[in-house]
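Encoded as structure tokens, the structure appears first; notes follow it.
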Amino acid sequence: MRVLVIDIGGTNVKVASTDTPVPIKIPSGPTMTAKSMCTQVLAATKGWRYDRISIGYPGPVVNHRPIAEPHNLGEGWVGFNYDKAFGKPLRFINDAAMQALGGYKSGRMLFLGTGTGLGSAMILDGFVVPLELAHLPYKKGLTYEEYIGVAGLEHRGEKRWRRSVLDIIERLQKAMVCDNVLLGGGNAKLMKKLPPHIVVGSNENAVKGGFRLWEDLTSKQAAKL
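First residue of the sequence shown? That's 1 in UniProt numbering, and the numbers climb one at a time after it.
Put into structure tokens, the structure is as follows:
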């Protein structure tokens, strides 16, 4: 079984497969629609061989379909006919949950993805629990995402941004009663001197999570997402 993995982000769509595990990047941004994403992915992967598709989506997912439009992309994602566009069996999962699945090892793990926005998920003894924490209020009338997403990084600078990341991790870890935290996303690499219970995830985690989504044990869990 060959799997095509599509990781949809606010800056890039990353695409990899069983035969091409190093992702290629397709620029995304606020004008990218579901239709343009599918068209560009199919063009970029012409000639690739795959039997299944895993799609990491930056928003809530129910029954393998988006149920809300993404905050950092264009419109038209809910209700789009992805089956017709790709012509292959496919599964959607929240993009943070896909990264969490790829980096999970054991116990109760919280995942936070600090990229264009803020992704979040938990894994409880092997079961994936997608979360939507980004737009909850944090401080001064601003949300978690506004503090530690890319806008907060650019506005406040790395030093203050890092302090906020650690503070938010501590708050959420206590609230979720988690053993450890996996920090992912494009800006996680900016963190320094992390305590031992916080680990910066590998860039490969999203691809691994997309592959795992079609494994037998994971499939039973994925059906509930």
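Each residue gets a CB set at the ideal place from its N, CA and C atoms; glycine is no exception.
Item checked: As assigned by DSSP and simplified to three states, the class of Met-176 -> helix
Note to self: Restricting to Cα atoms, I'd like to know which of Leu-172, Cys-38, Thr-18 and Lys-159 is closest to Thr-84.
What the structure shows: Residue 84 is actually Lys in this sequence, not Thr. Lys-84 has its Cα closest to that of Cys-38, out of Leu-172, Cys-38, Thr-18 and Lys-159.
Checklist line | Any non-hydrogen atom of the ligand NAP within 7 Å of Val-22 CB | finding: For the ligand NAP, the structure offers nothing, since it holds no ligand at all.
Note to self: Can you find the residues in the same chain that come closer than 7 Å, C-beta to C-beta, to Ala-68, ignoring five residues on each side of it along the sequence?
What the structure shows: Gly-59, Pro-60 and Val-78
Check: With 16 as the cutoff for other CB atoms within 10 Å, does residue 233 come out buried or exposed?
Finding: For the chain, the structure presents residues 1 to 225; residue 233 sits outside this window and is missing.
Checklist line | Lys-84 - containing alpha helix (DSSP H), residue span | finding: 82-86
Check: So, are the CB atoms of Leu-183 and Val-199 less than 8 Å apart?
Finding: yes
Check: By a C-beta neighbour count over all protein chains shown, 10 Å radius and 16 as the cutoff for buried, is Leu-225 buried or exposed?
Finding: Because the pLDDT of Leu-225 is 42, which lies under 50, any placement of that residue in the model is unreliable, and the question is left without a value.
Check: Roughly how many whole angstroms lie between the Cα atoms of Trp-161 and Tyr-147?
Finding: 7 Å
Margin query: Could you tell me which whole beta strand (DSSP E) segments of length 3 or greater appear in the stretch 101-174?
Written below: 108-114, 118-124, 127-131 and 137-139
Checklist line | Selected residue, minimal CA-CA separation from Leu-194, among Leu-166, Val-62 and Thr-45 | finding: Leu-166
Item checked: CB contact flag (Val-41, Val-5, <8 Å) -> no
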